[in-house]
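Everything below concerns the one structure shown next.
There are 2 protein chains.
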Amino acid sequence: MEIILAKRAGFCFGVKRATQMAFEAANKGGDTFTLGPIIHSPQVVQKLEEMGVKVRQDLSGLHDGTIIIRSHGVASEELEEAIRRELEVVDATCPFVKKAQEHVKSLSQAGYDVVVVGDADHPEVQGIVSYATGKVFVIGNGEEASRLPRMGKIGVVAQTTQSFETLKNVVLECLQRGNEIRVFNTICDATAVRQEEAKELAKQVDCMIVIGGYNSANTKRLAEVCAELLPRTYHLETAEQLNAAWFENVDKVGVTAGASTPKWLIDEVMGKIGEINRDKNP
Amino acid sequence: MEIILAKRAGFCFGVKRATQMAFEAANKGGDTFTLGPIIHSPQVVQKLEEMGVKVRQDLSGLHDGTIIIRSHGVASEELEEAIRRELEVVDATCPFVKKAQEHVKSLSQAGYDVVVVGDADHPEVQGIVSYATGKVFVIGNGEEASRLPRMGKIGVVAQTTQSFETLKNVVLECLQRGNEIRVFNTICDATAVRQEEAKELAKQVDCMIVIGGYNSANTKRLAEVCAELLPRTYHLETAEQLNAAWFENVDKVGVTAGASTPKWLIDEVMGKIGEINRDKNP
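Chains as they are written, first to last, in the numbering used here: chain G, 40 to 321; chain B, 40 to 321.
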């Protein structure tokens with residue numbers, strides 16, 4: 040059985056950077072916290088917990104120690120509150136997310152009504168939106184955008200993992216609603232690149248393994264696009280979940296992983312599939 | 040025979056303003072010139088000529104008198120040259136065109152590469168483009184836009200008479216070519232409104248009369264959209280061109296006029312059709 044790992048499986052730039060910053064902070068010791076999970080990987084969060092890094096939902100009761108801001112960023116008021124409490128802040132917000140936050144802030148200050156193209160329930164979007172000082176709308180698709188009111192100057196910013204197609208549809212709706220539309224294309228291509236590679240791979244193999252947190256939107260989407268092409272697609276978090284029965288009559292297996300999946304989890308899965316393969320052909 | 044005149048036939052805001060300014064200047068007397076025809080109506084231009092207003096293609100040899108800038112505007116260098124020559128300048132540039140010129144200037148100065156959505160041969164576009172101090176592209180449709188290079192910040196401005204559809208297609212192409220796209224929708228709805236009204240009318244009548252200069256792009260387009268719905272569509276400049284034979288077996292006739300067609304030309308045509316009607320039913 041041939042085992043093919045997608046070239047760009049796993050950590051994107053922002054997640055890699057955030058994870059390194061978190062482990063560095065953990066190594067320094069002292070009371071260390073993250074606001075929400077540092078990234079959408081329960082296994083990474085658990086490793087950090089074993090090193091003493093606790094996950095907090097908010098800052099209540101915290102007056103001392105180090106607070107790590109996760110890759111998705113947090114609401115501006117929360118960051119300000121952390122500074123006011125004189126906590127040591129390790130800001131691991133992805134620089135691309137930071138840019139989206141800054142654009143929303145400057146657009147708002149310049150008098151634009153702001154449209155954030157994204158999922159209103161996602162913490163990244165909730166963080167980005169908090170930087171608006173004027174009117175702000177979260178829009179998930181063109182259909183939602185068609186219900187936007189008539190505005191003056193409209194500023195558009197996207198959640199970094201949005202599809203370009205959705206951004207396009209929202210921009211077209213905005214064009215009909217304002218005299219000036221200023222679009223910052225803050226989409227990061229990491230998501231699209233992983234999806235394109237995974238699709239190519241799914242076409243060539245008999246079985247796809249997608250590794251990543253069940254709470255990771257980009258991993259779930261990765262598994263979805265593979266499953267559309269190849270029903271024998273399995274989404275798992277760890278090597279223990281692999282099942283030898285999945286590989287019966289499989290000549291080629293493809294492996295990919297979401298942007299928040301660490302290399303060691305991928306390595307473990309690759310190793311375990313190798314073992315299963317050796318058991319198949321002793 | 041019923042004769043129906045479209046509600047919004049004739050002069051748009053900018054043309055009406057420019058024509059008034061030109062006649063006022065003509066009434067003042069003295070050497071008075073326009074740079075190119077004041078509007079795309081040979082009959083208005085002729086009337087002004089009879090009052091002593093001469094049409095010049097450029098400023099060469101002019102050192103005295105009044106120069107009227109036409110509704111489409113002129114190149115920035117030409118306006119500066121007129122001021123340098125201490126000519127009296129009557130700037131009859133349509134305020135909506137002026138706005139497009141100003142946006143191009145400020146976008147250029149702010150470091151944007153500028154895309155002007157319009158017809159490169161049209162004097163309005165040539166004037167607008169001249170306000171760019173950096174890179175500028177004139178793009179007539181989405182297909183042309185697909186050949187644009189990758190840019191940094193892209194500013195988009197439209198010729199005031201462009202269709203919204205074309206603007207949309209160009210914006211979509213630009214979205215794929217820059218990180219920031221700033222669109223000023225400078226399309227004036229006068230053109231679209233006249234076309235929509237004319238289409239509605241063409242559906243109800245047996246014959247359409249479209250009045251306006253043969254050199255007027257918006258009048259030609261008006262005649263085209265009517266002819267698509269009603270082959271018995273006639274584009275004429277003056278009442279003398281009307282032909283009684285056109286109205287045989289006609290119960291209802293529709294009349295419209297381009298944005299540069301003066302009221303007195305429309306009145307003459309309406310009067311002449313009335314006469315033809317009376318001759319038909321003595």
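C-beta atoms are modelled at their ideal positions from N, C-alpha and C, and glycine is treated no differently.
The beta carbon of Arg-221(B) falls within 8 Å of a beta carbon belonging to chain G, placing the residue at that interface. Cβ-Cβ distances below 8 Å link Leu-275(G) to Ile-248, Val-249, Ile-250, Leu-281 and Val-308 in the same chain, with the five nearest sequence neighbours on each side left out; the list follows chain order. Contact between the segment 150-160 of chain G and the segment 176-184 of chain G is present: 3 or more CB-CB pairs across the two stretches fall below 8 Å. A distance below 6 Å between beta-carbons, with the five flanking residues on each side excluded, links Asn-257(G) to the following residues of its chain, in chain order: Thr-200, Thr-230, Gly-297 and Ala-298. Between the segment 45-63 of chain B and the segment 74-92 of chain G there are fewer than three C-beta pairs closer than 8 Å, too few to call the two in contact. At the C-beta level, His-102(B) and Arg-123(B) stay beyond 8 Å of one another. In the displayed model, Val-222(G) falls within a strand according to three-state DSSP. Going by beta carbons, Val-136(B) and His-111(B) fall inside the 8 Å limit.
Rounded to whole angstroms, the separation of the alpha carbons of Lys-138(B) and Val-54(B) is 15 Å. Taking 8 Å as the cut-off, the beta carbon of Leu-74(B) is found closer than this to the beta carbon of Ile-108(B).
Taking a C-beta cut-off of 7 Å against chain B, the contacting residues of the segment 215-242 of chain G are Asn-218, Glu-219, Ile-220, Arg-221, Val-222, Phe-223 and Asn-224, listed in chain order.
Contact annotation for Lys-207(G) against chain B: Leu-211 and Leu-214 [CB-CB distance below 7 Å, chain order]. Sorting Lys-192(G), Arg-260(G) and Glu-279(G) by C-alpha distance to the C-alpha of Gly-217(G) places Lys-192(G) at the top. Scanning the segment 120-175 of chain G from its first residue to its last, the whole alpha helix (DSSP H) runs of 4-plus residues come out as 134-148 and 162-168. Leu-206(B) is not a Cβ neighbour of Ala-241(B), given a cutoff of 8 Å. Secondary structure at Leu-214(G): helix, using DSSP grouped into helix, strand and coil.
Of all alpha-carbon atoms in Ile-42(B), Val-94(B) and Gln-82(B), the one lying nearest the alpha-carbon of Leu-304(B) is that of Gln-82(B). Judged by DSSP in its simplified three-state form, Thr-277(G) adopts coil rather than helix or strand. The beta-bridge partner set that DSSP reports for Ile-77(B) is empty. Per the coordinates, the alpha-carbon of Gln-165(B) lies some 48 Å from the alpha-carbon of Val-113(G). Secondary structure note for Gly-293(G): it is in no alpha helix (DSSP H), and the uninterrupted beta strand (DSSP E) holding it is 291-296.
Distances from the CA of Gly-173(B) to each of Glu-63(B), Glu-183(B), Asp-152(B) and Lys-291(B) were compared; the closest alpha carbon is that of Asp-152(B). Take Phe-223(B), set aside five residues on each side of it, and the residues of its chain with a beta-carbon closer than 6 Å to its own are His-142 and Val-196, in chain order. When DSSP states are grouped into helix, strand and coil, Ala-197(G) belongs to the strand group. In the DSSP annotation of this structure, the continuous segment of the beta strand (DSSP E) that includes Arg-95(G) starts and ends at 92-95.
Taking the Cα positions, Lys-291(B) is about 52 Å away from Glu-120(B). When the five nearest sequence neighbours on each side are left out, the beta carbons in the same chain lying within less than 7 Å of the beta carbon of Thr-225(G) are those of Phe-135, Lys-138, Ala-139, His-142, Val-196, Ala-197 and Thr-199, in order along the chain. In terms of Cβ geometry, Leu-214(G) and Val-210(B) form a close pair [threshold 8 Å]. Annotated as distal: Ala-149(B) and Met-60(B), with beta-carbon spacing of 8 Å or more. The C-beta separation of Phe-72(G) from Gly-104(G) comes to about 6 Å, placing the pair in contact by the 8 Å criterion.
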